[in-house]
């Protein structure tokens, strides 16, 4: 087993960027996790922010009012400077829907977006673990890009790659919850191969892809986004899946009548 003990959180502020996202364009990030730690309901082998073992830090999650103030300041500055913006994206050092005022933060963001950049989209990258919370579901139905993770439709593989903090979490639960959004969501799947802690890691096998295709058929999302690792990962023996493999899977998704992109 090889893993990076030095890899830690990516973002040391609540508002970051704008950066160029290979998936979303020019993106202004919103990090609802602590600026000095990681809080997530998954502990993914490939997480660019490192493993949860680094701890939650001491700063705590930013209060709703602070998020609104910081976002308002940044958007007003960008507007005054004539800077371009495609999307406001909730991602950061952990799972954004774990914020206790997530629904209120989304309401504030919609208000500020409409004030400063009415043509800009709002995106949330979520790991799909908290979709059964009514406030989370209501908030996600209000955003433009509700991007929900499903890395495997087979529970043993999901638990190996995503390592849910709640040991009872299953792929079946994820699929059931995501299915409620149907055409109001994008399903995002990270394809990866390699090994970790003596276990083979590979969600590109035929059994895995067949299970994913069945899940996509059940969910009927607006589209499917397929990607692989692009930067250093805390589990160092993971390997990037070639673009041609991503495209082969995407073609099979499109054959179901579901749009699919590779990034």
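Numbering (the working numbering), first residue to last: 5 to 267. Note that the Cβ used here is the ideal one computed from N, Cα and C, for glycine as well.
Quiz item: Quick one, which of 165, 200, 197 and 152 has its alpha-carbon nearest residue 184's?
Solution: Your numbering for residue 184 matches position 180 in the chain shown. Considering only alpha carbons, the answer is 152.
Quiz prompt | Reference residue 93, options 32, 14 and 157, closest by Cα | solution = Position 89 of the chain shown holds residue 93. For the residues 32, 14 and 157, the minimum Cα distance to residue 93 belongs to 32.
Quiz item: Taking the DSSP output, what are the residues bridged to residue 230?
Solution: What you label residue 230 is simply residue 226 of the chain shown in a count that begins at 1. Beta-bridge pairing links residue 230 to 193 and 266.
Quiz prompt | Distance, residue 64 Cα to residue 210 Cα | solution = Residue mapping note: residue 210 aligns to position 206 of the chain shown, counting from 1. Residue mapping note: residue 64 aligns to position 60 of the chain shown, counting from 1. Going from the Cα of residue 210 to the Cα of residue 64 covers about 42 Å.
Quiz item: Would you call the segment 101-117 and the segment 139-148 in contact, with 3 or more CB pairs under 8 Å?
Solution: yes
Practice problem: Ignore the nearest five residues each way along the sequence and tell me which others in residue 264's own chain have a CB closer than 7 Å to its CB. | Solution: Here residue 264 refers to the residue found at position 260 when the chain shown is read from its first residue. For residue 264, where only same-chain residues beyond five positions count, the Cβ hits under 7 Å are 227, 228, 230, 254, 257 and 258.
Quiz item: Could you give the distance in angstroms between the alpha-carbon of residue 236 and the alpha-carbon of residue 84?
Solution: Here the question's residue 236 lines up with position 232 in the chain shown. Here the question's residue 84 lines up with position 80 in the chain shown. Computed Cα separation, rounded: 36 Å.
Quiz prompt | For residue 243, the three-state DSSP class (helix, strand or coil) | solution = For this step, residue 243 is matched to residue 239 along the chain shown. Residue 243 falls in the strand class under three-state DSSP.
Practice problem: For residue 159, collect the residues of the same chain with a Cβ closer than 8 Å to its Cβ; drop the 5 residues on either side in sequence, then sort them by chain order. | Solution: Against the chain shown, residue 159 aligns to sequence position 155. So the qualifying residues of the chain are 174, 175 and 176.
Quiz item: Which ranges would you report for the beta strand (DSSP E) in the segment 56-140 if only whole runs of at least 3 residues count?
Solution: 91-95 and 125-130
Quiz item: On the three-state DSSP scale, how would you describe residue 32?
Solution: Numbered from its first residue, the chain shown carries residue 32 at position 28. Looking at residue 32 - three-state DSSP - the assignment turns out to be strand.
Quiz item: Counting Cβ pairs, one atom from each stretch, are 3 or more of them under 8 Å apart for the segment 72-87 and the segment 116-135?
Solution: yes
Exercise. Going by CA-CA distance only, name the one from 218, 198 and 212 that's closest to residue 238.
Key: In the chain shown, residue 238 corresponds to position 234, counting from 1. When only C-alpha atoms are compared, the closest one is 198.
Exercise. Quick one: using the 10 Å Cβ neighbour count with 16 as the cut-off for buried, is residue 204 buried or exposed?
Key: Residue numbering aside, residue 204 sits at position 200 when the chain shown is read from its first letter. Exposed, since its Cβ has fewer than 16 Cβ neighbours within 10 Å.
Self-check item: Same chain, Cβ closer than 7 Å to residue 42, five either side skipped, listed in chain order
Solution: What you label residue 42 is simply residue 38 of the chain shown in a count that begins at 1. 13, 53, 54, 56, 58, 60, 97 and 98, listed in sequence order.
Exercise. Within its chain, find whatever has a CB closer than 6 Å to the CB of residue 250; leave out the 5 residues flanking it on each side and keep chain order.
Key: Indexing the chain shown from 1 puts residue 250 at position 246. 230 and 266.
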